[in-house]
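Written below as structure tokens is the structure these notes are about.
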Amino acid sequence: MVKGALFWPSNHRNVPTATLATPTPTDTPAFPPEVFRNMFSHVDKVKLVELRQDMGIVGAYAREALADGVLSELKNYQGDEAIFRIQSEWNWFATGLDVVAPLEAWDTYLAGTAQHWAYEYQYLKTHGDQPVSRHSQPWQRDMNQYTRFLTSNVNNPYVAQNPRVYIDLAQLSHRDFQKLFPLVSKTSAETLLGLFKLIMAAMGEYEAPPTLVDTYRHLGIQNVPNSPGVPQKLQDIANRIITTGLWWLYQTRRIADIDRFMAMAAAYLKDSSRFETRSFHMVLQYGRFAQFIITLAALDLNQDLVQRTEVHWAEHHADFFGVRFSYDQSRRYFLATLKEHNFTAPLEYLTTIWEGLEPIDKDRPMGPMINVQNQWLDNEGHLHVAVPRALLDDPRMASKIATPQSILDQWKPKAYSFTPHIEEQGRLMEMERAQTQAEPATHPTPTPEAPGLAESLTRVARAWFQSR
Numbered sequence: 001m002v003k004g005a006l007f008w009p010s011n012h013r014n015v016p017t018a019t020l021a022t023p024t025p026t027d028t029p030a031f032p033p034e035v036f037r038n039m040f041s042h043v044d045k046v047k048l049v050e051l052r053q054d055m056g057i058v059g060a061y062a063r064e065a066l067a068d069g070v071l072s073e074l075k076n077y078q079g080d081e082a083i084f085r086i087q088s089e090w091n092w093f094a095t096g097l098d099v100v101a102p103l104e105a106w107d108t109y110l111a112g113t114a115q116h117w118a119y120e121y122q123y124l125k126t127h128g129d130q131p132v133s134r135h136s137q138p139w140q141r142d143m144n145q146y147t148r149f150l151t152s153n154v155n156n157p158y159v160a161q162n163p164r165v166y167i168d169l170a171q172l173s174h175r176d177f178q179k180l181f182p183l184v185s186k187t188s189a190e191t192l193l194g195l196f197k198l199i200m201a202a203m204g205e206y207e208a209p210p211t212l213v214d215t216y217r218h219l220g221i222q223n224v225p226n227s228p229g230v231p232q233k234l235q236d237i238a239n240r241i242i243t244t245g246l247w248w249l250y251q252t253r254r255i256a257d258i259d260r261f262m263a264m265a266a267a268y269l270k271d272s273s274r275f276e277t278r279s280f281h282m283v284l285q286y287g288r289f290a291q292f293i294i295t296l297a298a299l300d301l302n303q304d305l306v307q308r309t310e311v312h313w314a315e316h317h318a319d320f321f322g323v324r325f326s327y328d329q330s331r332r333y334f335l336a337t338l339k340e341h342n343f344t345a346p347l348e349y350l351t352t353i354w355e356g357l358e359p360i361d362k363d364r365p366m367g368p369m370i371n372v373q374n375q376w377l378d379n380e381g382h383l384h385v386a387v388p389r390a391l392l393d394d395p396r397m398a399s400k401i402a403t404p405q406s407i408l409d410q411w412k413p414k415a416y417s418f419t420p421h422i423e424e425q426g427r428l429m430e431m432e433r434a435q436t437q438a439e440p441a442t443h444p445t446p447t448p449e450a451p452g453l454a455e456s457l458t459r460v461a462r463a464w465f466q467s468r
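The sequence shown lines up with residues 1 to 468 when you count with this note's numbering.
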């Protein structure tokens, strides 16, 4: 079972998240579960977000209602932009995501936090405590914020003991997959279409989108400044859920759902304004989903699915590109991408059935069909994903289903950048505590001054970089 963002670090009780068992008679009033479910289905969204923190039956049903709400929202999504404009709407949706897609959501948030500080920390590595240009003050402010982030979260298990790990989804049992990826395991063509529309809506222009501050607080993570906002994060989360969802539908042989999703997504794109920049981006993304499905099918020599997917891809390609960029050119770029990423079996199969087509001779073929920052498909058709270890109910599971080193050598995923920094900060704080305790009792204990920016961060940085 997954520990979603519904758990405070100080409480280690395992509380159901996505699929809730019927509460036992010892903790349940004499009402059938249907009465509670009906009652909670009418509770206000904001109130549900508050109630979900309860560790008893109230919280359990609140979380179930949140999960049902998000699933219903996705299946019926028509492009509403409220979650990108109103903080309370985002808080409700984010809390629901914590229930149905905790691993996908929190890996995206934490990877974003890492990216937020990477450039500043690189600057510190390069310049140390030497003053630079007139921009020194903003840099100092950023680094002081980073210091506060490290020191205030050094005992938070969701930050300090939460490395990014990489797992092979094909090694999971059906039951474990359902527990770890509730939304994906319940996915349908309609759910994937809702996520597809959500990505497109997230590409809109929003003057003051909601922040992730309240979202981070769900795991007790403190002092995280306003990082790049909700729309971009939700694009990344939805994209990876769709990719995993397509993979899962293929593994469970629900080909009709894959075909229906591709048809509905193509129709949605056709009805959208082709003069909008986001429509063009979604056309490219649609092509990547088509390529992903074709690759899975080619690995199994499944010509029927290849051809069915091609029908959708070719039709939407003609609608948006016309004669300017032919469908054969797109297929040749796709073959070049397979070649670049060493997909030898699909490449050989597709060049056989696409008679006369060869990979286009370009130094830089089109980008990969999936976001390789957090997912990787291997030549066996196994999908590998990055997840935060502390959100697994049993972190030891990560070693049992770990991605092989040979795949990691190809993939080259990046760890959360703050992980080594906060580990070093923890060691420094422990050394300072030990030194303070070792002082003679006859001497008054001096009040420690907060380390200065240069002293604290340069010390952390140098120790970390020297150890690499």
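We put the CB at the ideal spot given by N, CA and C, even for glycine.
Distance between beta carbons of residue j and residue i, contact taken as under 8 Å
i	j	result
Ala298	Tyr349	5 Å
Val224	Phe149	6 Å
Thr191	Gln375	Contact doesn't hold; Cβ gap of about 18 Å is too wide.
Leu219	Phe292	With a Cβ gap of about 31 Å, Leu219 and Phe292 do not count as contacting.
Gly194	Lys75	6 Å
Leu377	Thr295	7 Å
His316	Lys270	7 Å
Val184	Trp92	Wrong, their Cβ atoms sit about 21 Å apart, outside the cutoff.
Tyr77	Leu198	6 Å
Distance, residue j Cα to residue i Cα
i	j	result
Ile237	Tyr268	20 Å
Leu392	Val99	13 Å
Met262	Thr309	7 Å
Asp420	Met143	Sequence check: residue 420 is Pro here, not Asp. One C-alpha to the other measures close to 16 Å.
Gln410	Phe343	12 Å
Pro388	Lys179	15 Å
Glu81	Ile401	38 Å
Ala21	Ala62	Because Ala21 sits at a pLDDT of 36, beneath the cut-off of 50, its placement in the model cannot be relied upon, and the point is left open.
Met397	Asp107	17 Å
Trp8	Tyr158	With a pLDDT of only 26 at Trp8, under 50, the local geometry of the prediction cannot be trusted, and the value read off the model is given with reservation. Cα to Cα, the separation comes out at about 10 Å.
Ser188	Gln405	33 Å
Gly56	Thr215	22 Å
Met431	Gln437	10 Å
Ile407	Ala105	23 Å
Thr28	Ser72	No answer about Thr28 holds up, because its pLDDT of 47 lies below 50 and its placement is not dependable.
Asp68	Arg260	23 Å
Tyr166	Phe177	15 Å
Pro395	Arg217	22 Å
Ile255	Glu120	46 Å
Asn162	Gly356	50 Å
Ser272	Gly59	40 Å
Ser173	Phe325	43 Å
Contacting residues, own chain, Cβ-Cβ under 7 Å from residue i (five flanking each side not counted)
i	result
Gln222	Ser152 and Asn153
Tyr206	Phe84, Arg85 and Pro231
Leu301	Tyr349
Trp117	Tyr146, Ser417 and Phe418
Gln425	Leu150, Thr151, Val154 and Val460
Trp90	Ile83, Pro210 and Val230
Ala265	Leu193, Phe196 and Tyr286
Pro346	Thr295, Ala298, Leu299 and Leu338
Three-way DSSP call (helix, strand, coil) for residue i in this model
i	result
Pro388	strand
Val224	coil
Ala402	strand
Pro131	Because the pLDDT of Pro131 is 48, which lies under 50, any placement of that residue in the model is unreliable, and the question is left without a value.
Tyr166	strand
Met1	Per-residue confidence for Met1 stands at a pLDDT of 40, beneath the threshold of 50, marking its modelled position as unreliable; no derived number is given.
Trp354	coil
Leu301	coil
Gln178	helix
Ile383	The sequence shown places Leu at residue 383, not Ile. Leu383 falls in the strand class under three-state DSSP.
Leu377	strand
Ser330	helix
Own chain residues within Cβ distance below 6 Å of residue i, not counting five before or after
i	result
His382	Asp168 and Ala170
Arg164	Ala386, Ala415 and Tyr416
Gly229	Pro209
Met369	Arg288, Gln291 and Phe292
Tyr250	Leu296
Val70	Gly96 and Val100
Proximal residues to residue i (C-beta, below 8 Å), its chain only, five neighbours per side dropped
i	result
Ile353	Gln303 and Val306
Glu358	Arg332, Leu335 and Thr351
Met203	Pro231, Gln235, Thr277, Arg278, His281 and Met282
Asn371	Asp236, Asn239, Arg240 and Thr243
Lys233	Thr108, Tyr109, Gly112 and Leu212
Ala160	Asn153, Val154, Ile422, Glu423 and Gly426
CB contact below 8 Å: residue i versus chain D
i	result
Pro231	Included in the structure is just one protein chain, with no chain D present.
Checklist entry - Is the stretch 106-115 in contact with the stretch 411-430, if contact means three or more CB pairs nearer than 8 Å? => result yes
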